[in-house]
C-alpha cells in the first residue's frame, strides 16, 4: 500500500501532455504542498538583497525584473595583448570590457553561490561563450583560438607568457667540393705563449685558482651566517679554514665510512684528528656559508653559491687557453630532495641525478668556463643580440655564452654533440667570431640538405660516406655508415681524405680495417675534454654527504681547482722537460699537507701503538720549510743530515722532523729553512 500510494503521488505531479505551462493540479488530493525554504537560506537571500542596495548605481544591472535566485559571478577571459579584462567575443572597434548580464542579486566577489554548485555555473558560462562564437561573422584566428582555451578564473586576469618561435636560415646543399676547408695542423699555432722558467709547488698552483681573497670571503660569510642563525659567531679564521679544507682533501684520499671515524678510538687517523677536534670540525661544517641570505636575489636559483662560483670561474678564465675546446654537460652528483627543480635527471649518465652544468673544457681536461643550467632563467643575466635571439634557442645559446669568453677566438675550434648543434649555429660561429666548429647533428635539423637515407647508405657497405656542401654559408655535412649512420656538420672540414679504423667482423671473427673520413676521427679525438674533467673529479671526490645542496656544488668547484692546477703543473713540467711529475693523488696530498701545516704551530703527532724501528720521514714541502715559523732545533738520536747527506748530527727540526747539521763550520739548519 505504501509503495502504490508513493507512485500515485509521483504520477499526480506529472501534467497532461496537452496542458499549458500555467496548468496545475493544485486541487488534486494526491498532490503535496511544496516544502518550505529553510530560514537560514532565506537569511542569505535577504542579506544579498541588502548588499545590492549598497552598491554604487553605476555597478547595478539595468534590469530589476529578473529572477530572485542568486547567480554566479561573471566569467571573464583575458586576451593577453590587452591589459584589461575582456570577454571572449570582443568588438573589433572598441576595447571596452564586455561582461555577461547580471541579475539583481549578483555579488561582485569570488564567493560561490550557496545554492548553485560550480559545475552548472561553468556549463552556463561555456554555453554563453558558444553563443557568442556563433554570432561571429569572421573565422577565428590562431591567436584567438589559443585565447579561448585560456584557463578560466573568477575575477582574476590571466596572463600567459608566449614563447617566441625562432626563425631559420635558408640553406642550399649540393654534392660538390667544399671551398672553405682549413687545415688546423698548419694554420693554428698550438704552442703556448706563457714563459715558464721554474716549476712552482703544488700549493702555489692551487692558490692561483683558490686564492686568499676567496678564503677570506668564505670565512666572513660563515661568521655572518652563524651570527644570523644563533646570535653568536663561530669566529672562523683564514688559518682555521685552511685546516678545514686540508682535512676535507685528505679525507677524499684516505676514505672511511663516516667522517667521525677519523676521530674514533678504533679507527683514529692522527694526521686529521690532531689538527682539529671533532666538535670544532662539525661546527665549522655546519655554519660554512658562501653568501648573505639577506642579499640573495629570489630570481637567482643558485644565489647561495653564486659568489664562489663566479670567483673560481674568473680565475679559470685566466689560464692560458688551448686551441681546441669541447662543450658538453657535466653532472654534479646529488640525490637529495632539498634542491627542488635544480636537480636534474639525465639517463645514461654515470650519475643521472644531480646539478647540470654547461662546461667548456680543453682537450687536456682543463675547465675554462662553466655555468649552471636553470631552465628558462638560465640566461636572465646574459644579453644576446637581436640576431642571436631571432635564430637561436636555449641549447644554441649555451654554446654562444661559452664561446664568447674565448680569448683570441679566431681559428680556434669548438666541438659539441647533437644536443647543441644546428646549421645556423655552426655557420654563425665562423662568420661572426671566426670560430671553427664541428658537431654531431640530428636528422630533423638538416633543412635544405637532401642527404642520402640511412637505409641506402648502409646498403653500400660499412665505411661508406656522403658529403653535402653549402659554400655560401661555409658549412658541410658528412654522413658515415658504421654499425649505424652518424651525421656531422662542420664549418671547416669536409675533405675526402680517409683513414682506417678497426672494427669487429662477424664473418671472419676478427678485426678488419674500415674506411673512416678524417672528420669523424677528429671529432672523436677532441670531443672528450669535459668527460675527462669529470673523470678526474670522480677519482678523489672531496666532501662528505650534506643536507645542504649548495655544499655539494662548492666541493665540486674545489675539485675543479685542484684538477685544473694539476693539469697546468703537468703542462709546465712538459714544457721544461721534467720527467718526474706528481700524479693527481700525490699532488692533492701535497696541497692538503701544506694547507694543514704551512704557517701554523703544530704539535707532535700521537704515536701509534705499533712502533717502527726506523721510520722513513718524508722531506717536507718547500712552502713549509721556508715559512719561518716554529722551526725549533731539538736534540735527539744521532743520524745523517738530510741537507748535506755527509755529516752526522743529533740536531733535528721540531716541525720538519728532519736531522740537520748545526756546527761552527756548517749550518745546514739555516740553509735548509731558507732555500
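Numbering (UniProt numbering), first residue to last: 1 to 675.
A virtual CB, placed ideally from N, CA and C, is assigned to each residue, including glycine.
Return yes when the Cβ of residue j is within less than 8 Å of the Cβ of residue i, no when it is not.
i: residue 355; j: residue 553; result: yes
i: residue 361; j: residue 326; result: yes
i: residue 424; j: residue 174; result: no
i: residue 222; j: residue 288; result: yes
i: residue 658; j: residue 620; result: yes
i: residue 434; j: residue 403; result: no
i: residue 520; j: residue 557; result: no
i: residue 474; j: residue 451; result: no
i: residue 345; j: residue 436; result: no
i: residue 166; j: residue 391; result: yes
i: residue 471; j: residue 178; result: yes
i: residue 490; j: residue 426; result: yes
i: residue 530; j: residue 328; result: yes
Would DSSP call residue i helix, strand or coil?
i: residue 316; result: helix
i: residue 101; result: Because the pLDDT at residue 101 is just 42, under 50, the model does not fix this residue reliably, and the point stays unresolved.
i: residue 26; result: Because residue 26 sits at a pLDDT of 46, beneath the cut-off of 50, its placement in the model cannot be relied upon, and the following sentence gives the value as read from the coordinates. Reduced to three states, the DSSP call for residue 26 is coil.
i: residue 269; result: coil
i: residue 333; result: strand
i: residue 440; result: strand
i: residue 113; result: Confidence at residue 113 is low in this model, with a pLDDT of 42, below 50, so its placement is unreliable and no value can be given for it.
i: residue 498; result: strand
i: residue 193; result: coil
i: residue 174; result: strand
i: residue 32; result: Note on residue 32: pLDDT 49, under 50, position unreliable in the model; no value is reported.
i: residue 447; result: coil
i: residue 554; result: helix
i: residue 634; result: strand
i: residue 302; result: coil
i: residue 244; result: helix
i: residue 367; result: strand
i: residue 576; result: coil
i: residue 653; result: strand
Quickly, what does DSSP pair residue i with across the bridge? List them, please.
i: residue 465; result: 480
i: residue 648; result: 640
i: residue 362; result: 325
i: residue 701; result: This structure cannot speak to residue 701, because the chain is shown only from 1 to 675.
i: residue 470; result: 475
i: residue 676; result: This structure does not reach residue 676, given that the chain is present from 1 up to 675, and the question cannot be answered.
i: residue 489; result: 439 and 477
i: residue 511; result: 504
i: residue 237; result: The partner list for residue 237 (beta bridge, DSSP) is empty, contrary to what the question assumes.
i: residue 345; result: 353
i: residue 387; result: Partner(s): none; residue 387 has no beta bridge.
i: residue 516; result: 499
i: residue 414; result: 325 and 437
Please report the distance separating the alpha-carbon of residue i from that of residue j.
i: residue 322; j: residue 672; result: 38 Å
i: residue 415; j: residue 439; result: 6 Å
i: residue 368; j: residue 306; result: 17 Å
i: residue 443; j: residue 455; result: 14 Å
i: residue 208; j: residue 224; result: 26 Å
i: residue 625; j: residue 655; result: 9 Å
i: residue 311; j: residue 559; result: 15 Å
i: residue 211; j: residue 316; result: 12 Å
i: residue 314; j: residue 412; result: 20 Å
i: residue 570; j: residue 533; result: 15 Å
i: residue 299; j: residue 285; result: 27 Å
i: residue 653; j: residue 262; result: 27 Å
i: residue 564; j: residue 365; result: 8 Å
i: residue 526; j: residue 601; result: 47 Å
i: residue 636; j: residue 551; result: 46 Å
i: residue 664; j: residue 593; result: 33 Å
i: residue 675; j: residue 318; result: 30 Å
i: residue 274; j: residue 499; result: 59 Å
i: residue 352; j: residue 376; result: 21 Å
i: residue 268; j: residue 627; result: 29 Å
i: residue 431; j: residue 182; result: 14 Å
i: residue 463; j: residue 513; result: 9 Å
i: residue 291; j: residue 548; result: 14 Å
i: residue 572; j: residue 386; result: 43 Å
With 8 Å set as the bound, which would you pick, yes or no: does the beta-carbon of residue i sit closer than that to a beta-carbon of chain C?
i: residue 237; result: No chain C is part of this structure, which consists of one protein chain only.
>> Within 8 Å, do at least three Cβ pairs link the region 442-462 to the region 470-484?
In response: yes
> Between the region 494-507 and the region 205-216, do at least 3 Cβ pairs fall closer than 8 Å?
Replying inline: no
>> Measuring CB atoms only, is the region 241-252 touching the region 584-601, in the sense that at least three cross pairs come out at less than 8 Å?
In response: Per the Cβ contact rule, the region 241-252 is in contact with the region 584-601 (3 or more Cβ pairs under 8 Å).
> Can at least three beta-carbon pairs, one atom from the region 191-208 and one from the region 576-583, be found at a separation below 8 Å?
Replying inline: yes
>> Assess contact between the region 531-545 and the region 251-258, defined as three or more Cβ pairs (one per stretch) separated by less than 8 Å. Is contact present?
In response: Contact check between the region 531-545 and the region 251-258: three or more CB pairs, one atom from each, fall below 8 Å, which counts as touching.
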